[in-house]
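Residue numbers (this note's numbering), protein chains in the order written: chain V, 373 to 755; chain Y, 424 to 690; chain S, -1 to 72.
Structure, rendered in structure tokens:
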């Protein structure tokens, strides 16, 4: 096995390296801060690997183009931020409905609207979940450092291919732009999921939307020997439009169940000093870096503080949050928005009144001092 | 292969209204494909939303029925990721030029080898007769009850300006010409646009007192003329039909192959 | 536009296949038939009233929006 490579890179570049490691073959995107470096690096790196990069006319076109390229049998990705992610919601819903494996990177910036393009935010957690219209399930993951970012990016491709679903990578401006060490593992170190293709022979009826017993749906590449239909309308097992109530109900259930029933399998998180923690910080993305700093720092002074760092945001790992926070006196959600994961944690735990928010929404990274001050207020010690 | 072999016959009779020109476009398109002797496995049809876009359900190709206006964006992903495929994109006038106008001009600008068919019936049929960017000043529609004040595009001029390397116009009356033009458009290496003037007797015809399907098809016959004809000189109001542009320019997928060559040089 | 091609032998009609399940009776075929072969009957379906006059130009087959006509020649 070849040796690992050590690099000093931006998070956006780490994402590119991970995508290539996972087998990315096609990228379509549109420049937008703070995700632009993903496109810039892929413009260089993808053709070197024999893949294809295209800069589209907007984000709507970008997500549509990757869906088209996924159907010809390729691993695909797009990357965007803020308003671009809003524009992608229509195509995201299409990918959910048509069950298209694809990865969508959203390097979050301050919003709403044009907002605070060059500054950090974590305000798109709920948009990732409910931004596209209609009932559906979604997968969204995040990371707080480049090594984890590399791993979850590879995992995003694996989940997309396993479950025939779009997967959102919800990074943030600080992670995207910060430079730190990244160790790229040798090929083969992290297992990769390749697309499951049908074994049905040409000329025999192939059902692109009939799940196997294990729930997976084997695909057939456009241009191959099976000709079928793909649509954003509710459709039968051949992919043809249907408004038969049984078909509509069955498909919607399938789209939700295939994600929700595998929530535990997709749940990625890290825990620090949770065992005897009286106060548990729940955080994710760059906020979790400051939260971890506070936890380590206070532990040294004897405070029983712990950190639950979430890497899977959707499906929300409710059971894990409940279980880990069961004995804590206080749970403090550290995030850079007005309390999005806060709502989810409140729903997850037995006593929502013990859950507090430590946030910052002015465009600056939430610092250990910010968190410490809020903790002191919660503990009744004053700032 | 017979024309019927390209059809998904189980979905017939189709869902279009009696006398709708979209069926004639499907008919002409299949003649063109049959004449080229193309294999069904190499054909991908990508369509958007609207009456016209339902055409993809009826052909036995790889078919991708997408979002309103976005067909060309999906098609760009299909084509660039697998350039050996032949990609056809039929669109309605609203689909191609209103909600999809940006994708339309940029696909043309890239000169990617896709055949775009604009099935222009000058109305939104699926939603019940609202004016489209092709309805034209002075027409009537459910959303232009006091006469339309929106001016229309000229698809041919728009396509030329955007950089399409094959631009043609035909009608649902001139069926032999339509099949021939679509065949040429498919053969053309680069972005090709074929505007097909078709009739919507249910909405445009009724709203604008143009009579039934037969009268509307007759209108297409009487109000169009070959490019540069004497009739056009005598009556500038006539709409020209034929091939307006057919030129060779570097095709996008071929150009990207060169990018890959440059990127991998010396590796 | 193009020069007239050398004349082929005239095709002869073998059968006029009219698919009444697909026909929606719009009348386009009948209205533009150069020899007035087709009619729309009182059930709003196409019928070959004067099949013997057919010159096999196939314009009805090409123009039919319902793909309901097949002019089979010998």
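Where is the CB? At the ideal position from N, CA and C, for every residue including glycine.
These numbers were taken from a predicted model, which means no experiment stands behind them.
The beta carbon of residue 632 of chain V sits closer than 7 Å to the beta carbons of 509 and 687 from its chain, once the five residues preceding and following it are set aside; these are given in chain order.
Proximity of residue 436 of chain V to chain Y, defined by a Cβ-Cβ separation below 8 Å, is satisfied.
Chain-ordered listing is empty here: chain Y has no CB closer than 8 Å to the CB of residue 620 of chain V, the nearest sitting near 17 Å. Assigned with DSSP and collapsed to three states, residue 575 of chain V falls in coil, not helix or strand. Contact check between the stretch 639 to 651 of chain Y and the stretch 474 to 492 of chain Y: fewer than three CB pairs, one atom from each, fall below 8 Å, which does not count as touching. Residue 669 of chain Y and residue 590 of chain Y have their alpha carbons spaced roughly 7 Å apart. Between residue 429 of chain V and residue 529 of chain Y, the CB-CB gap stays under 8 Å. Going by beta carbons, residue 653 of chain V and residue 667 of chain V fall inside the 8 Å limit.
Of the candidates Y:607, Y:563 and Y:493, Y:563 places its Cα closest to the Cα of residue 632 of chain Y.
Within the stretch 434 to 475 of chain V, the complete alpha helix (DSSP H) runs of at least 4 residues fall at 454 to 459 and 461 to 470. Taking C-alpha positions only, residue 684 of chain V is separated from residue 553 of chain V by approximately 23 Å. Cβ atoms of residue 504 of chain V and residue 478 of chain V stay farther apart than 8 Å, at about 13 Å.
Contact between the stretch 417 to 429 of chain V and the stretch 476 to 496 of chain V is absent: fewer than three C-beta pairs spanning the two stretches fall below 8 Å. Counting only runs of 3+ residues, the beta strand (DSSP E) found wholly inside the stretch 517 to 567 of chain Y occupies 537 to 543, in chain order.
In the DSSP assignment, residue 513 of chain V forms a beta bridge with V:541 and V:684. Here the stretch 520 to 540 of chain Y lies against the stretch 576 to 589 of chain Y, with 3 or more beta-carbon pairs under 8 Å apart. Contact with chain Y is found for residue 462 of chain V, since one of that chain's Cβ atoms lies less than 8 Å from the residue's Cβ. Secondary structure remark: continuous alpha helix (DSSP H) runs of at least 4 residues inside the stretch 467 to 522 of chain Y, in chain order: 494 to 504 and 516 to 520. Annotation for residue 419 of chain V: the continuous alpha helix (DSSP H) segment containing it runs 408 to 420. Going by DSSP, residue 740 of chain V is part of no beta strand (DSSP E) but of the alpha helix (DSSP H) stretching over 740 to 750. Bridge partners of residue 643 of chain V according to DSSP: V:680.
Taking the Cα positions, residue 521 of chain V is about 7 Å away from residue 387 of chain V.
Using a 10 angstroms sphere on the CB of residue 647 of chain V, the tally of other CB atoms stays under 16, which defines it as exposed.
At a cut-off of 8 Å, the C-beta of residue 39 of chain S has no neighbouring C-beta in chain Y. A distance below 6 Å between beta-carbons, with the five flanking residues on each side excluded, links residue 520 of chain Y to the following residues of its chain, in chain order: 556 and 576. Non-local C-beta neighbours of residue 630 of chain Y in its own chain, meaning closer than 8 Å and more than five positions away in sequence, comprise 546, 552, 562, 563, 564 and 565, ordered along the chain.
Nearest Cα to residue 492 of chain Y within the set Y:515, Y:446 and Y:510: Y:515.
The beta strand (DSSP E) runs of length 3 or more contained entirely in the stretch 605 to 661 of chain V are, from start to end of the chain, 641 to 644 and 651 to 655. Linking residue 426 of chain V to residue 487 of chain Y through their CA atoms gives a straight-line distance of about 20 Å. Secondary structure of residue 680 of chain Y (DSSP, three-state): helix.
Within a 10 Å sphere around the beta-carbon of residue 33 of chain S sit fewer than 16 other beta-carbons, which makes this residue exposed. What residue 603 of chain V touches in chain Y, judged by beta-carbon distance under 9 Å, is 479, 480, 486, 487, 488 and 489, going in chain order. In the assembly as shown, residue 558 of chain V is an exposed residue. Its beta-carbon has fewer than 16 other beta-carbons within 10 Å. Following the DSSP letters along the chain, one finds residue 559 of chain V in no beta strand (DSSP E), marked with neither H nor E.
Look at residue 591 of chain V here: in three-state DSSP terms it is strand. Nearest CB-CB separation between residue 31 of chain S and chain Y: not below the 8 Å threshold.
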